[in-house]
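> Structure in structure tokens, see below.
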Amino acid sequence: MNQSLMASYTEDEIVEVLKGMGPTKASGLDVANRLKKVLDVCIDDSQSAFVLGRLITNNLLLVYEILHSFKDKRSGRKGFMALKLNMSKTYDRVE
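With my numbering, letter number 85 in the sequence shown gets 96, and the count goes up by one each step, no holes.
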């Protein structure tokens, strides 16, 4: 084994390395793991995509009802718009 990996280190060396890290590097625990405790308070109950235990496909009935209401409201000056996203191309997998 490399002897430099087995060498002891001092507190000053640790502080120097931590201060020398770039601003995009995490010097401690990842913030996301600590936020898991309060995410239920931050995320609305109506959000179903990108939340553990909820699937984006659960919104199919809601989308159908919205598109049906668009069909009923074709007249008038106020316009509506729907946006279709292909999530399987955006992310590696969608459950």
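Virtual Cβ for every residue (Gly too), placed ideally from N, Cα, C.
Quick caveat: nothing in here was measured; it's all calculated off a predicted structure.
On the three-state DSSP scale, how would you describe S15?
Taken through DSSP and simplified to helix, strand or coil, S15 comes out as helix.
> Note the first and the last residue of the continuous alpha helix (DSSP H) segment covering A43.
V42 to L46
> Do the CB positions of S59 and N69 come within less than 8 Å of each other?
yes
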